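Residue numbers (our numbering): 7 to 131.
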Ligand code: TYC
């Protein structure tokens, strides 16, 4: 009996000597059923997580947010914070949907807890 192993094919193996004869299962010896399937290699959509500027959130708080939730070092956190301060919006990172959503929630909860109006949003790339 022929055994076909290939990631682009799938389906049941051919009938063997002890395989009961049922409808759809009566292939003779030396035969195999091959069905073509699509290789599932779709990459996930990516989302930018952004911080928005405001007039009240302390700069040091924003730097802390970038270090704590986006794993930025002090220099990179300062750079991003100043970019947001000067341009109104800036990118903290790029993530899959669920991770981006989690980051936004964590930042918004943290800002609220400290009574800062800091806004964090996500946008599809
Ligand atoms: N503009 C704020 C200030 O002058 C600092 C700030 C930076 C606030 C970035 C939010 O996302 C922000 N204190």
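Think of the CB as a built atom: it goes at the ideal place given N, C-alpha and C, for glycine as much as any other residue. No experiment lies behind these values; they were computed from the predicted model shown.
Within 8 Å: the Cβ of residue 91 and any heavy atom of ligand 3?
Summarising the ligand content, the structure contains ligand 1 and does not contain ligand 3.
For residue 108, the three-state DSSP class (helix, strand or coil):
helix
To the nearest angstrom, how far is the alpha carbon of residue 114 from that of residue 46?
In a straight line, the C-alpha of residue 114 is about 35 Å away from that of residue 46.
Considering only the alpha carbon of each residue, which of 44, 49 and 59 lies closest to residue 93?
59
Where residue 69 falls: helix, strand or coil (DSSP):
helix
Between the C-alpha atoms of residue 106 and residue 81, what's the straight-line distance to the nearest angstrom?
23 Å
Could you check if residue 102 is buried or exposed, using at least 16 other CB atoms within 10 Å of its CB as the buried criterion?
exposed
Run the proximity test for residue 128: is its beta-carbon closer than 8 Å to any non-hydrogen atom belonging to ligand 1?
no
Assuming residue 99 and residue 76 form a contact by the criterion Cβ under 8 Å, report the distance between their Cβ atoms to the nearest whole angstrom.
5 Å
Compute every distance between the C-beta of residue 99 and the non-hydrogen atoms of ligand 1, then say whether any falls below 8 Å.
Every heavy atom of ligand 1 is 8 Å or more from the Cβ of residue 99, so no.
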